[in-house]
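>
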Amino acid sequence: MKKLIIFTLISVYILLSCSPSLYIPASSDPVLQQKLLEGRKLYVRICSSCHNLHLPRQYNAESWRKNLNLMQERAKITDEEKEIIFLYLNSQP
Ligand code: HEC
């Protein structure tokens, strides 16, 4: 029982310490903010199934465009989902 609690605490700690490195959008425009959060959610959920997530700053807009076009088929995402993920990936100030 004690081991289980320690294991749970460690798992929670690892989860919490990993996620903040992926930029959380904070736009003052509520419509844009909604889109950016949706993009982040899709990115985390869909794009982490085969490999670790790449940080938004790791590529410029042009490279993200190329990578997303390449990954679209693999990830089986629609054009709309691709655009919203693209928006998120290029929104970090
Ligand atoms: C079905 C598995 C799969 C999914 C889902 C997937 N990828 Fe990938 N991705 C790969 C593989 C395999 C590679 C490495 C081989 C390659 O570059 O062709 C890769 C490489 C990459 C790279 C590095 C390319 C480079 O030039 O080094 C980026 C960036 C990337 N993926 C982004 C994404 C994004 C964004 C998504 C979500 C839309 C995504 N991936 C979803 C399989 C996947």
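For the sequence shown, numbering that gives the first Met the number 0 gives the first residue as 0, with consecutive numbering after it. Where a beta carbon is used, it is the ideal one built from N, C-alpha and C, also for glycine. All values reported here derive from a predicted model rather than from experimental measurement.
Indicate the three-state DSSP secondary structure (helix, strand or coil) for Asn59 in the structure shown.
coil
> Does DSSP put Tyr22 in a helix, a strand or coil?
coil
> Can you tell me the Cβ-Cβ gap for Lys95 and Leu86, rounded? I've got them flagged as a contact below 8 Å.
With the chain covering only 0 through 92, there is no way to say anything about residue 95.
> Residue range of the alpha helix (DSSP H) that Ile76 falls in?
Neither: Ile76 is in no alpha helix (DSSP H) and is coded neither H nor E.
> Helix, strand or coil for Asn89? Go by DSSP, reduced to three states.
Three-state DSSP puts Asn89 in coil, outside helix and strand.
> Mapping the DSSP letters down to three states, classify Lys35 as helix, strand or coil.
It should be pointed out that residue 35 corresponds to Leu in this sequence rather than to Lys. Leu35 falls in the helix class under three-state DSSP.
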